[in-house]
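Input: a single structure, listed below in structure tokens.
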Amino acid sequence: MKTIFEKSSGADGICVGDYNLGDFLPKDFLREGKIGLPQLSELEVLRHYKELSDRNFCIEKGFYPLGSCTMKYNPKVNELLASLEGFANLHPLQSDDDAQGALELMFRLQEALKHITGMDAVTLQPAAGAHGELTGMMIIKKYFEVKGETNRVKVIVPDSAHGTNPASAKMCGFEIVEVKSNSKGQVDIDALKELLDENVAAIMMTNPNTLGIFEEKVLEISQLMHDNGSLLYYDGANFNAVMGWTNPALMGFDVVHLNLHKTFATPHGGGGPGAGPVCVVEKLKDYLPSPVIVFEDGKYRCDYNIKHSIGKVRSFYGNFGVLVRAYAYILMMGKNLKLASADAVLNANYLKEKLKGAYDLPYDEPCMHEFVLSGERQHHQGVSTLGIAKRLMDSNCHPPTVYFPLIVHEALMIEPTESESKEVLDNFVDIMLKIVEEIKENPEEVLKSPRKTPVKKVDETLAARKPDLTYKG
Ligand SMILES: Cc1ncc(COP(=O)(O)O)c(C=O)c1O
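Heads up: take any position in the sequence shown, counting from 1, add 78, and you land on our numbering.
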């Protein structure tokens with residue numbers, strides 16, 4: 079496909095008129111010569127972007143079982159509400175008095191997230207899950223600093239953890255200590271006990287964990303950590319599995335981030351924008367980033383007066399549009415949030431049972447909202463997990479997450495979400511089983527995929543070593 083510059087036809091695009099910017103811009107900032115923008119008619123521009131979007135895969139096009147990413151249906155009414163003029167055109171520098179509607183929405187969302195997580199206070203600022211982790215770790219660090227326990231320099235992270243967990247803790251200056259998983263794919267309690275000492279600040283856990291398995295010993299773990307004077311951080315990326323059934327407060331966690339874009343339905347396949355609010359227990363309330371939204375004397379306002387605040391972690395109020403979508407979704411779902419989690423878990427268990435004979439299942443446990451297969455058998459037959467993923471793309475199906483979590487060889491992490499019907503799941507099973515047969519019969523043929531996608535099979539080495547990503551016109 080040609081770039082928009084190559085398509086430039088010379089037709090007049092939009093004319094911005096002759097403004098003499100030199101009257102009010104410093105001379106140094108003025109461009110000399112032509113700007114070099116492509117010249118296309120409005121229709122040509124529309125066709126260009128339509129063609130680009132047609133080449134993209136999205137939830138509206140087909141099944142998207144990308145593990146750990148919760149690619150659920152994002153109701154279109156959320157888009158409508160986020161685009162309401164009063165929300166979309168509100169200037170972030172307007173006074174609190176002018177922005178009462180937006181502040182009320184944020185306040186109500188804070189209250190809803192407190193209710194759903196069981197926590198006592200919330201910041202809506204972080205712009206993604208990983209940003210929430212960083213914020214949470216900064217809060218934990220400052221908490222121990224104020225307490226005078228600067229010896230607490232270690233953070234324990236399970237070997238199944240998402241890479242952002244150790245990365246976030248490390249960015250805050252913590253030392254990372256890995257705890258092994260046991261044969262059931264859960265944190266090994268005995269191994270954990272050996273790691274505990276007066277230097278441990280916290281453990282970061284995902285529950286259900288990245289294998290899609292619920293950590294049955296979570297209460298024992300929280301008791302152990304608290305007895306050690308340490309805190310527990312809950313990575314809420316997998317919260318879609320447990321909404322309304324339990325919450326991080328009941329499990330004994332002190333700090334939680336939620337990925338609003340996943341659990342509470344914002345389109346997020348293209349890398350953003352997202353929102354990763356952080357919820358904390360009472361004793362950490364004074365460490366939240368400022369401002370938080372409060373309701374006092376009949377008005378909503380931004381409260382910047384937080385005693386030990388870690389400061390600001392994001393400009394203005396965070397990704398407000400995502401907050402609107404999440405609030406709309408929560409209102410629309412109400413108590414059915416619980417049903418969404420139940421269906422997500424049911425769908426995952428259905429797929430797991432259908433596929434577990436044909437592919438290896440390293441942890442044969444009842445799963446939560448996702449499960450992890452291994453393509454090791456197929457790898458020995460000549461097609462790795464990457465090859466399976468690429469073959470799936472020829473069936474209008476987004477591949478599962480591959481090669482994660484790292485503790486599973488040739489991992490295929492499958493998360494169907496609650497949005498899909500039995501017919502869609504059955505069709506996926508048929509495709510996955512057919513690939514197994516194709517690999518047995520003719521692995522060479524399977525390795526030719528993808529052939530039906532806009533970009534066909536690429537030379538992986540060349541793509542990694544010499545990526546051609548810029549237009550050099
Ligand atoms: C378990 C887990 N933790 C954290 C993250 C980071 O979230 P985000 O992509 O919103 O930064 C992810 C993202 O996939 C995840 O799966």
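For glycine and all other residues, C-beta sits at the position ideal for the given N, C-alpha and C.
Does DSSP classify residue i as helix, strand or coil?
i: GLY196; result: coil
i: PRO244; result: helix
i: PHE317; result: helix
i: ASP364; result: helix
i: PHE34; result: The requested residue 34 is not part of the displayed model; the chain covers only 79 to 551.
i: GLU523; result: helix
i: LEU336; result: strand
i: LYS377; result: strand
i: TYR549; result: coil
i: THR324; result: coil
i: VAL155; result: helix
i: THR201; result: strand
i: TYR312; result: strand
i: LYS275; result: What sits at residue 275 in the sequence shown is Asp, not Lys. ASP275: coil per DSSP, three-state reduction.
i: LEU415; result: helix
i: ASP438; result: strand
i: LEU115; result: coil
i: VAL423; result: helix
i: LEU191; result: helix
i: LEU103; result: coil
i: VAL391; result: coil
i: LEU181; result: helix
i: LEU270; result: helix
i: VAL265; result: strand
i: LEU433; result: helix
Just to check, is the beta-carbon of residue i closer than 6 Å to a non-hydrogen atom of ligand 1?
i: LYS146; result: The displayed chain sequence assigns Ser, not Lys, to residue 146. At least one heavy atom of ligand 1 is nearer than 6 Å to the Cβ of SER146, so yes.
i: ASN337; result: yes
i: THR242; result: yes
i: GLY263; result: no
i: THR284; result: yes
i: ASP237; result: no
i: GLY347; result: no
i: ALA280; result: no
i: GLY352; result: yes
i: GLY207; result: yes
i: ASP132; result: no
i: ASP33; result: As displayed, the chain neither begins before 79 nor continues past 551, which places residue 33 out of reach and without an answer.
Just reading off the alpha helix (DSSP H) that residue i is part of, what are its end residues?
i: ILE517; result: 500 to 519
i: ARG403; result: 398 to 411
i: HIS476; result: It is not in any alpha helix (DSSP H) - HIS476 carries neither H nor E in the DSSP assignment.
i: SER300; result: 296 to 305
i: GLU120; result: 120 to 132
i: ARG529; result: Unbroken run through ARG529: none, as it is neither H nor E.
i: ALA206; result: Segment: none, ALA206 is in no alpha helix (DSSP H) and carries neither H nor E.
i: MET471; result: 463 to 471
i: ALA89; result: First-last for ALA89: undefined, no H or E at that position.
i: ARG543; result: 538 to 543
Can you tell me where the beta strand (DSSP E) holding residue i begins and where it ends?
i: ILE281; result: 278 to 284
i: LEU490; result: 489 to 492
i: PRO236; result: 232 to 236
i: PHE373; result: 370 to 374
i: GLU256; result: 253 to 257
i: VAL356; result: 356 to 358
i: LEU451; result: 449 to 452
Would you grab the beta carbon distance between residue i and residue j for me? Rounded to a whole angstrom, and I think it's under 8 Å.
i: HIS240; j: ASP313; result: 7 Å
i: SER246; j: ALA279; result: No, SER246 and ALA279 are not in contact; Cβ-Cβ is about 13 Å, not under 8 Å.
i: MET329; j: SER308; result: In fact, because the Cβ distance is near 15 Å, the residues do not count as touching under 8 Å.
i: PRO477; j: LEU484; result: With a Cβ gap of about 18 Å, PRO477 and LEU484 do not count as contacting.
i: LYS232; j: VAL255; result: 5 Å
i: LEU191; j: PRO355; result: 6 Å
i: LEU144; j: GLU493; result: 7 Å
i: LYS285; j: VAL296; result: The identity of residue 285 in the sequence shown is Asn, whereas the question assumes Lys. Rounded, the Cβ-Cβ distance is 6 Å, consistent with contact.
i: PHE185; j: PHE373; result: 6 Å
i: HIS335; j: GLY210; result: 3 Å
i: GLU122; j: SER87; result: 6 Å
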